[in-house]
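Chemist: Numbering (my numbering), first residue to last: 702 to 803. Glycine residues also receive a C-beta, built at the ideal position from the N, C-alpha and C atoms.
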């Protein structure tokens, strides 16, 4: 995942990007439309009117990084192209937790 510098718009509906923050304070910026592939993240963002940041109190940076990569991959490619390196127990557990099964 490339590192980018971007200003996060404080209004969810107008922002192109979302900042996801892990329990160990690692920050990940992904496209808003990619984040919405997670039903759980979509539900959190729909309840927030003044910020485009989501803080996860129990998800580590290592796991959140995998989830962000998975969301980006899922948004841009077919699931048949998913490399085995993306499939690990922590990511699968996170996918279940965040309802990424669709």
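1) Residue 742: beta carbon under 8 Å from a heavy atom of the ligand GTP?
2) In or out: residue 790 buried (at least 16 other Cβ within 10 Å) or exposed?
3) Could you spell out where the beta strand (DSSP E) holding residue 732 opens and where it closes?
4) Determine the direct distance from the alpha carbon of residue 778 to that of residue 722, and round the result to whole angstroms.
5) Quick one: grab the DSSP three-state call for residue 755.
Modeler: For this structure:
1) Although the ligand GTP was asked about, the structure shown includes no ligands whatsoever.
2) Any answer about residue 790 is weak, because its pLDDT of 48 lies below 50 and its placement is not dependable; what the coordinates show is given next. Residue 790 counts as exposed, since fewer than 16 other C-beta atoms from the protein chains shown sit within 10 angstroms of its C-beta.
3) 728 to 732
4) 25 Å
5) strand
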